[in-house]
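First residue of the sequence shown? That's 7 in the numbering used here, and the numbers climb one at a time after it.
Virtual Cβ for every residue (Gly too), placed ideally from N, Cα, C.
Remember, it's a predicted structure, so these values are computed and weren't measured experimentally.
Notes for the one structure printed next.
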Amino acid sequence: MTRRILLVNGPNLNLLGTREPEVYGTATLDDIVALTTGAAQEAGFEVRSIQSNHEGVLIDAIHDARADCAGIVINPGGLTHTSVVLRDALTGVSLPFAEVHISDVYAREEFRHHSYLHDVAAVRVVGEGVEGYATAVRQLAALIP
């Protein structure tokens, strides 16, 4: 299988760098893609990246990953707490995936404490800031033969 990881960023993550910097920091989505790509290259993988504010676009990208990806790193944003269909897409493609959250969702509003993905994710990284993406890549890469 191709040594490629799909990086998926969900709704509102295109606003990183300006959106609630006290919660998410000042790194932009481009910074995250560069950080993730660097960590993946160190582990022998390349990265394909997508961000969308539309759930169906994310699901289509996850489905397409079956053809040429060995795993997925996903920050589903608010879809974490609401999307059964995102969970179904991730389990349906049978690729290991890492769930990433920049902030500590357990220290925030109670509704953020529930994740539809946590029990099916191979890796979970929460509250490490943008560095959590690199952590997720390293941990996920270690699981992929």
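For residue i: DSSP bridge partner residues
i, result
"V126", "Per DSSP, none; premise fails for V126."
"E5", "Outside the shown range of the chain (7 to 151) lies residue 5, about which nothing can therefore be said."
"S55", "L13"
C-beta atoms of residue i and residue j nearer than 7 Å
i, j, result
"I56", "V14", "yes"
"N59", "P17", "yes"
"R10", "G50", "no"
"V126", "T97", "yes"
Residue i versus residue j - alpha carbon distance
i, j, result
"Q145", "V99", "19 Å"
"P151", "G135", "28 Å"
"E52", "D66", "20 Å"
"A33", "A73", "31 Å"
"R93", "E48", "29 Å"
"E26", "E137", "17 Å"
"Y30", "E116", "18 Å"
Nonlocal neighbours in the same chain, by C-beta distance under 6 Å from residue i, ignoring five residues either side
i, result
"Y139", "I38, L41, T42 and V106"
"V129", "A104, A142, Q145 and L146"
"L12", "R54, A71, C75 and I78"
"M7", "Residue placement at M7 is flagged as unreliable, the pLDDT there being 47, under the threshold of 50; a coordinate-derived value is accordingly withheld."
Sequence-distant residues of its chain with Cβ nearer than 7 Å to residue i (five each side left out)
i, result
"A95", "I65, I68 and H69"
"P102", "G77, A128, L146, L149 and I150"
"T24", "none"
Next on the checklist: Measuring CB atoms only, is the segment 102–109 touching the segment 24–43, in the sense that at least three cross pairs come out at less than 8 Å?
Outcome noted: yes
Item to check | Sufficient close CB pairs (3 or more, under 8 Å) joining the segment 84–94 to the segment 120–130 | outcome: yes
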